[in-house]
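Report on one structure; see the data block that follows.
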Amino acid sequence: MASLSDVARTLRTAADALPLTLLAEAADAAQAAATLLAHTTVGTSDPEIIATTDTFAEAYRRCTELLQTAQALHTHINTLADRLAPDTTPPPPPAHVEPGRIEQNRRSLPVRPEGTETQGRWLRSNGDTVVVRSGPDDEWHDHALDFVRRMTGTSKHPASRLAVHVEVKLAMRMRHGRLTEETVVIDRTVCGRRPTDRQAQYTCDKFLKHFLPRGARLTVVERDGTRVVYEGEG
Numbered sequence: 001m002a003s004l005s006d007v008a009r010t011l012r013t014a015a016d017a018l019p020l021t022l023l024a025e026a027a028d029a030a031q032a033a034a035t036l037l038a039h040t041t042v043g044t045s046d047p048e049i050i051a052t053t054d055t056f057a058e059a060y061r062r063c064t065e066l067l068q069t070a071q072a073l074h075t076h077i078n079t080l081a082d083r084l085a086p087d088t089t090p091p092p093p094p095a096h097v098e099p100g101r102i103e104q105n106r107r108s109l110p111v112r113p114e115g116t117e118t119q120g121r122w123l124r125s126n127g128d129t130v131v132v133r134s135g136p137d138d139e140w141h142d143h144a145l146d147f148v149r150r151m152t153g154t155s156k157h158p159a160s161r162l163a164v165h166v167e168v169k170l171a172m173r174m175r176h177g178r179l180t181e182e183t184v185v186i187d188r189t190v191c192g193r194r195p196t197d198r199q200a201q202y203t204c205d206k207f208l209k210h211f212l213p214r215g216a217r218l219t220v221v222e223r224d225g226t227r228v229v230y231e232g233e234g
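Numbering-wise (UniProt numbering), the sequence shown opens with residue 1 and increments by one.
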């Protein structure tokens, strides 16, 4: 008869097999195509071009919905596995991320206007690459919001905005996975480092160190290649 550890191990294997990266890449491709068509055919009345643009936009929406469902399923499966039998495997030692890997992923990120969701690539220390996005539609936002409430005494705006950020949600994943050294490439500048928000009260630049586990390090590579290292004090 299988033990609880066997069942938990099988669940974790199933979670790791979910095609999160492929779904994210499909969503990126559909959105890029829709945006390109929309920009190059402004003012057109051709019904076929309009229909094609709408089809790409619908494909992006559906791929995004599938990705969010898969991400939630991944979290729920791992949560169930941890309840059955906590993972006692020690975390892997920190791995050096090759500059070429960083540059390749930085160049592959789509260019998005300000005001749209932040996207990034988490270059995991175990060699995997995970697509990450800002926004409230996943479990890590909920974990981050609970942490914001405990840390600041409120979950209202503007403090609550911290929970939607890619960097903060990744810090919560590092807490959950007992990870000590990770790298993420994002498609813009860390909030709090831009001239427009340096004086803001709640920014990643000011608060990320509190979300990270004490002693853990998260390197954030910005759109222009600038690297910012945050060390956990939480």
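Don't be surprised by glycine CBs; every beta carbon is placed ideally from N, CA and C.
- Quick one: measure Cβ to Cβ for D138 and Q68, integer angstroms, because I've assumed they're closer than 8 Å. 6 Å
- Delimiting residues of the beta strand (DSSP E) encompassing R133: T129 to R133
- Item | Among E117, N126, L179 and L162, the one whose alpha carbon lies nearest that of Q31 | E117
- Message: Suppose you measure from the CA of P86 to the CA of L179; what does that come to, to the nearest Å?
- Response: 15 Å
- Message: On a Cα-Cα basis, can you pick out the residue from D28, T44 and N78 that is closest to F56?
- Response: D28
- Query: Quick one: what does DSSP say R188 is sitting in, helix, strand or coil?
  - Reply: coil
- Query: Between the beta-carbon of M172 and the beta-carbon of H210, is there less than 8 Å?
  - Reply: no
- Message: So, with DSSP's three-state summary, where would you put Y202?
- Response: In the structure shown, Y202 falls within a coil segment according to DSSP collapsed to helix, strand and coil.
- Query: Should S125 and V166 be called a contact, given that it needs their Cβ atoms to be closer than 8 Å?
  - Reply: no
- Message: Assuming contact is defined by CB atoms lying nearer than 8 Å, are D197 and R112 in contact in what I supplied?
- Response: Contact annotation: D197 and R112 have beta-carbon atoms that are not nearer than 8 Å.
- Item | Backbone CA spacing between L20 and V220 [nearest angstrom] | 21 Å
- Message: Short of 8 Å in beta carbon distance, which residues of its chain neighbour R12, apart from the five on each side in sequence? Order them along the chain.
- Response: I77, N78, A81 and D87
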